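Residues in the sequence shown are numbered from 15 upward in steps of one, following my numbering.
All residues carry an ideal CB built from backbone N, CA and C; glycine is no exception.
These numbers were taken from a predicted model, which means no experiment stands behind them.
Report on the structure given below.
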Amino acid sequence: MAEKKFTKEQERAYWQGKREAYIAMSRRMLDEPGWEWRDPLAFYRDIFPEGFLQERWGDDGKRSEFDGKPNAIALKFGPKTRKQLVKGKKVDVPVIERFTITDDLEGVSVLVKESIAENAPVYMAPVSWYGRNNKAANARFLHAFAVDLDGMTPGKLGSVLKQMRNGHDSGLDKHASMPQASYIVMSGRGLHLYYLLDRPVPLIPAVVPFLQQLKRRLTDVVWTDYTSEDGNEGRQYQGIYQGFRMPGTTTRLNGHGVDAKDTNKYEALAFMYAPEGASEPRRVTLDYLVDYCGIRGKEIPGELYRILETKGGRTPIAEAKAKWPEWHERRIVQGEEKKGYDTNRGAYESWLSRIEDEAVVHGRYFAVLALVAYAVKCNVPLKELEKDAYGLVPVLDKLSDEPGNRFTDYDVACALSAYGSNDLRFWKNEYMCRRAKIAPHVNKHNGLKRKPHLYLARQRKKEMKAIGVPMKKPEGRPVNSGTKRDEIRAYATEHPDASHAAIAKALGVSRTTVIKWLKQSAASSEEAEALSGIEAAVDKAIDDHLSLIIGKHGEAVIADREDYESQQSLADLLEEAGDWAFDKYWDRLAEKNGRSVCRVSIQSIVDDFARSQQPNTND
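Listed below in structure tokens is the structure:
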């Protein structure tokens with residue numbers, strides 16, 4: 015579906031050059047001292063030692079007994095496709111199939127054969143999981159750090175190998191070296207460097223942030239101007255859960271699909287570092303990597319090494335019940351899922367628009383992945399997300415600066431596979447901007463939260479009005495603001511059959527702008543009805559509360575527990591409704607008391623009362 019940006023001759027010459035480079039680098043690795051080729055089964059057996067993963071289910075769908083062990087998960091892209099409506103046309107998009115890999119690694123052999131026969135890429139992360147879904151919540155152990163190194167040439171490969179050799183000399187500056195990898199996988203156009211850990215690390219919340227930071231710093235050490243044609247500017251960061259092309263499976267050098275014209279098979283090749291005839295790969299410790307990455311000390315969680323000595327790092331349920339009874343009742347007994355952050359739909363629309371305007375060539379995939387995260391946080395339906403995401407392919411593909419980094423439907427399909435994961439609800443804007451290489455919006459609240467910032471801004475506005483000082487910016491909306499909104503809605507009314515793309519082209523605006531204003535228009539009547547219901551609820555809550563308080567005390571004060579509970583309930587409602595509801599409360603309170611009142615936070619009154627009920631520890 016990606017638009018053609020390069021001529022056939024340019025693409026043919028580019029890929030022929032990459033194939034020749036791949037052959038040259040493969041020969042170099044076969045001749046390199048200390049390195050030897052390993053077949054896919056041996057490679058994954060080194061990552062997942064025998065007996066670590068769960069046993070394979072029998073033909074009857076049963077196992078002798080549940081062993082409580084994790085499994086690995088592989089993803090195959092294609093050759094199956096499905097129809098997807100994009101910009102008013104149905105197009106074929108790839109289908110992602112998930113495969114559970116058990117201890118016998120039989121699934122690896124099957125996928126290697128299918129990949130070559132179907133020319134379908136297969137990816138797997140050096141992570142073991144519970145269940146069949148590779149979402150972060152199901153991740154159990156990290157078995158290796160894998161770093162993707164793009165922009166590879168025979169000369170850059172020589173630099174990588176030299177820097178690894180330098181790393182064995184403690185007398186050399188670490189700036190001229192890199193940590194010795196356990197495996198190098200020739201992925202087609204680049205390298206995957208695998209650092210096999212001496213023991214798997216349990217992926218529990220206390221440890222994951224440290225591991226993510228360590229991999230980011232490891233990428234900084236490995237991917238430099240000396241080791242990649244893309245240089246520091248093209249450096250891309252992946253998380254610890256990222257899947258990588260499976261050794262023995264097809265690469266991009268073969269082209270896409272079963273009808274690819276090149277009949278040669280360019281497989282991903284795995285090479286193990288085993289000096290002096292060793293039969294096992296070199297494994298690394300966390301200390302070894304931390305020493306290279308320069309994050310030793312306070313940045314390492316103090317409990318990390320204690321956790322590694324425990325049984326998987328998890329607190330036993332019985333102990334957790336005693337420590338956190340409320341958590342146990344909510345999460346274990348009632349089965350409540352961990353909650354994330356729900357976001358206003360405008361955040362999704364804003365990010366979609368920013369991708370079109372601000373995406374960069376080396377951050378495109380993560381920009382789309384962030385769009386998936388916003389869709390989850392904003393409760394955007396999958397069908398709508400698919401239309402928007404696949405609709406971005408032509409826009410993002412135009413950023414391609416060479417035939418080898420085209421942006422295709424496969425990239426979108428990979429990102430969409432994360433939809434539905436509750437873990438995406440916890441992604442923060444700063445994190446997504448960093449991964450997508452899109453600058454975050456500047457916080458204009460002066461370090462304050464929205465409510466106090468708005469309160470101070472409004473007070474300043476009133477004071478400047480009172481003394482006749484003009485505002486730096488004129489009040490009200492800028493000149494011509496809302497013009498595009500009105501034009502879009504008027505055009506859509508006059509042309510009811512026009513698509514979003516057609517409207518955008520006719521009016522000279524972006525497609526996302528059209529979608530934003532038309533969706534807001536469709537929802538305005540529903541929003542008005544909802545707002546009316548909220549106003550009625552606020553009015554009733556204020557009246558009920560004041561009737562209770564004044565009926566007991568003659569004025570609006572908090573005097574006992576019943577008053578406190580009423581005030582707390584009201585505070586929660588007003589907080590949800592917004593600033594206008596607080597204003598209504600204070601106006602009504604002044605009216606009932608027959609005098610003006612000081613407009614302090616309702617919640618502060620509640621908090622003061624709660625503190626007054628605490629026992630005096632000084633007695």
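If contacts are defined as beta-carbon pairs under 8 Å, then residue i and residue j qualify, I think. What distance do you get, rounded to the angstrom?
| i | j | result |
| --- | --- | --- |
| residue 361 | residue 404 | Contact flag wrong, Cβ pair sits at about 21 Å. |
| residue 130 | residue 264 | 6 Å |
| residue 261 | residue 199 | 6 Å |
| residue 120 | residue 285 | Between residue 285 and residue 120 the Cβ distance is about 24 Å, and since that is not below 8 Å, they are no contact. |
| residue 156 | residue 235 | No, residue 156 and residue 235 are not in contact; Cβ-Cβ is about 18 Å, not under 8 Å. |
| residue 55 | residue 142 | The pair is not a contact, with the Cβ atoms about 17 Å apart (cut-off 8 Å). |
| residue 502 | residue 532 | 7 Å |
| residue 99 | residue 401 | 6 Å |
Counting only the same chain and skipping the five closest in sequence on each side, list residues whose C-beta sits under 6 Å from that of residue i.
| i | result |
| --- | --- |
| residue 363 | 530 |
| residue 68 | 81, 83, 85 and 116 |
| residue 311 | With a pLDDT of only 41 at residue 311, under the threshold of 50, the placement of this residue in the model should not be trusted; the figure read from the coordinates follows. Closer than 6 Å at Cβ, skipping near neighbours: no residue. |
| residue 237 | 163 and 249 |
| residue 111 | 90 |
| residue 359 | 392 |
| residue 394 | 362 |
| residue 300 | none |
| residue 60 | 295 |
What are the start and end residues of the alpha helix (DSSP H) that includes residue i?
| i | result |
| --- | --- |
| residue 59 | 54 to 61 |
| residue 252 | It is not in any alpha helix (DSSP H) - residue 252 carries neither H nor E in the DSSP assignment. |
| residue 42 | 22 to 45 |
| residue 365 | 359 to 372 |
| residue 443 | 443 to 450 |
| residue 421 | Where residue 421 is concerned, there is no enclosing alpha helix (DSSP H), given that its DSSP letter is neither H nor E. |
| residue 131 | 120 to 132 |
| residue 406 | Unbroken run through residue 406: none, as it is neither H nor E. |
Following the continuous beta strand (DSSP E) through residue i, name the residue where it begins and the one where it ends.
| i | result |
| --- | --- |
| residue 114 | 103 to 115 |
| residue 88 | 86 to 100 |
| residue 136 | 136 to 138 |
| residue 513 | Segment: none, residue 513 is in no beta strand (DSSP E) and carries neither H nor E. |
| residue 143 | 141 to 143 |
If we call anything under 7 Å between Cβ atoms a contact, is residue i one with residue j?
| i | j | result |
| --- | --- | --- |
| residue 211 | residue 288 | no |
| residue 191 | residue 181 | yes |
| residue 366 | residue 429 | no |
| residue 108 | residue 424 | yes |
| residue 232 | residue 254 | no |
| residue 528 | residue 520 | no |
| residue 97 | residue 104 | yes |
| residue 165 | residue 242 | yes |
| residue 386 | residue 451 | no |
| residue 202 | residue 267 | yes |
| residue 390 | residue 439 | yes |
| residue 634 | residue 139 | There is no way to answer for residue 634, as the model of the chain reaches only from 15 to 633. |
| residue 25 | residue 408 | no |
| residue 378 | residue 410 | yes |
| residue 88 | residue 113 | yes |
| residue 282 | residue 259 | yes |
| residue 208 | residue 160 | yes |
| residue 39 | residue 171 | yes |
In terms of DSSP beta bridges, what is residue i paired with?
| i | result |
| --- | --- |
| residue 160 | 208 |
| residue 435 | None, per the DSSP bridge assignment. |
| residue 198 | 207 and 285 |
| residue 49 | 287 |
| residue 259 | 137 |
| residue 155 | 142 and 216 |
| residue 264 | 281 |
| residue 382 | For residue 382, which the question treats as bridged, DSSP gives no partner whatsoever. |
| residue 394 | Beta-bridge pairing links residue 394 to no other residue. |
| residue 298 | 211 |
Looking only at its own chain, which residues have a Cβ that is under 7 Å from the Cβ of residue i, when we skip the five neighbours before and after it?
| i | result |
| --- | --- |
| residue 252 | 162 |
| residue 30 | none |
| residue 178 | 192, 194 and 195 |
| residue 526 | 363, 366, 367 and 370 |
| residue 230 | 251 |
By Cβ distance below 8 Å, which residues in the same chain neighbour residue i in space, the five residues on each side in sequence not counted?
| i | result |
| --- | --- |
| residue 34 | none |
| residue 64 | 117 |
| residue 27 | none |
| residue 245 | 165, 238 and 239 |
| residue 302 | 193 |
| residue 279 | 130, 264 and 268 |
Mind checking whether the beta-carbon of residue i lies closer than 6 Å to any heavy atom of the ligand FAD?
| i | result |
| --- | --- |
| residue 298 | What this structure holds is no ligand at all, so the ligand FAD is not there to describe. |
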